[in-house]
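Heads up: the structure comes next, in structure tokens.
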Amino acid sequence: MKKVRYVLLAACGTLLFACCGFFAYQCWDLSHQYQALEAEALALRDDNSNLKEDQSKLNAELADSAAQLEEKEKYVAGQEAYISELSGQIGSISEGTGDDDSAQGADESPEGGSGADLGSSSGSSLPSDAYPNLYAEGCSPKDSKKVVYLTFDDGPSSLTPQVLDLLDRYNAKATFFVVCKNNEEYAKYLPQIVERGHTLALHSYSHNYNTIYASKDAFLDDYEKVYDWVVENTGYTPSLFRFPGGSNNGSSYVVNGIIEEMERRGFQYFDWNVSSGDGSNLTTTENIIDNICKNVGNAKNPVVLMHDGSGKNATLAALPTVLEYLADNGYEFRSLDKSAEPVHYR
Ligand SMILES: [Zn+2]
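Counting from 1, position 58 in the sequence shown corresponds to residue 67 in my numbering; the numbering is continuous, with no gaps.
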């Protein structure tokens with residue numbers, strides 16, 4: 010009996026020992042599993058952090074690409090308009106009628122004015138009713154008060170005093186983007202532009218595309234010369250400019266650099282949104298009137314490109330009718346300043 014009691018006691022002890030061993034093993038195992046899970050959680054947290062960082066980088070790259078795409082689209086749209094206008098110019102030349110005109114490059118003579126200077130007598134006997142019915146068809150009168158910005162490039166020339174007289178007749182203010190080379194003898198008209206309430210603005214010294222668009226520094230050198238010429242002759246310090254051929258001329262890289270530097274110096278540039286088509290000397294007076302009166306209503310704040318350089322007699326002849334038409338249709342003639350809404354091709 011006593012022996013049986015010992016056996017039972019030993020069996021119980023063995024069982025208890027086995028249970029304790031099993032329990033200890035389970036605790037050890039659970040502890041290892043917990044550590045493994047904790048390490049896995051840390052790794053996942055790191056992965057999540059890396060993914061967020063990658064996503065942030067991708068978002069930034071995406072935004073950058075979208076901005077570049079928008080800029081490219083704007084540039085392409087400008088180039089398409091340029092090509093379209095040039096096609097019109099080529100058509101005009103080939104037909105000899107000047108039906109349409111370039112909005113940019115071909116409007117501008119690379120040498121700062123082309124064609125013979127026919128002298129001041131050419132416009133002195135202009136009848137103001139020379140073209141009374143030219144805009145009767147296709148142009149409907151507008152009632153509301155509107156603003157138009159007439160601009161004249163490539164002067165001054167012998168035609169400039171007559172342009173100024175016609176503008177005075179309509180109490181019209183305009184903007185003159187002047188060129189120095191080949192126009193030195195007409196510098197005496199520069200002060201009149203200012204004194205008669207117009208904006209005197211810069212265009213170029215040489216107006217030679219190959220020179221001025223060769224590099225940013227080449228453009229700025231040319232610009233400083235025309236700036237000095239204007240200041241020396243007027244005492245007036247201009248703050249507006251226009252690229253010869255418009256801001257879509259020259260390489261994008263060069264022009265963008267010029268814009269940045271010129272704006273840093275306090276200058277603002279203006280392109281145009283209505284072309285008179287008088288860049289070609291083949292364009293007739295009738296074409297110029299037609300181009301302006303048919304298109305001026307399509308622009309919110311029309312900036313009209315014309316030229317008062319040597320040989321632009323067709324423009325001078327068109328001006329009375331243009332002024333009459335615009336005045337009759339409720340337009341107020343203003344000169345450009347920095348408060349005017351910019352017209353930019355880029
Ligand atoms: Zn020009």
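Note that beta-carbon positions come from the ideal geometry of N, C-alpha and C, so glycine has one too.
- Comparing alpha-carbon positions, the option among Leu46, Asp346, Cys302 and Arg14 lying closest to Ser248 turns out to be Asp346.
- Contact check for Val283 against Ile298 fails: the beta carbons are separated by 8 Å or more.
- Secondary structure note for Asp231: its alpha helix (DSSP H) is the uninterrupted segment Lys225 to Thr243.
- Around the beta-carbon of Ala27, fewer than 16 other beta-carbon atoms lie within 10 Å, marking it exposed.
- For Glu333, there is no enclosing beta strand (DSSP E); the enclosing alpha helix (DSSP H) has its first and last residue at Asn322 to Asp337.
- Gln42 is classed as exposed because its beta carbon has fewer than 16 other beta carbons within 10 Å across all chains shown.
- Leu209 and Tyr245 do touch by the CB rule: their CB atoms are close to 6 Å apart, below 8 Å.
- By a beta-carbon distance limit of 8 Å, Thr169 does not contact Ala183. Their separation comes to about 11 Å.
- The distance from the Cβ of Phe279 to that of Arg251 is about 6 Å, consistent with a contact at the 8 Å cut-off.
- The distance from the Cβ of Tyr158 to that of Ala349 is about 7 Å, consistent with a contact at the 8 Å cut-off.
- Scanning the stretch 151-220 for uninterrupted alpha helix (DSSP H) segments of 4 residues or longer gives 169-178 and 199-204, listed from N- to C-terminal end.
- Between the stretch 216-234 and the stretch 259-276, the count of Cβ pairs shorter than 8 Å is three or higher; the stretches touch.
- If you check the C-beta of Asp163 against ligand 1, you find a heavy atom less than 7 Å away.
- In the DSSP assignment, Tyr262 falls outside any beta strand (DSSP E) and within the unbroken alpha helix (DSSP H) covering Ser261 to Arg273.
- Burial check for Gln64: the Cβ neighbour count within 10 Å stays below 16, so the residue is exposed.
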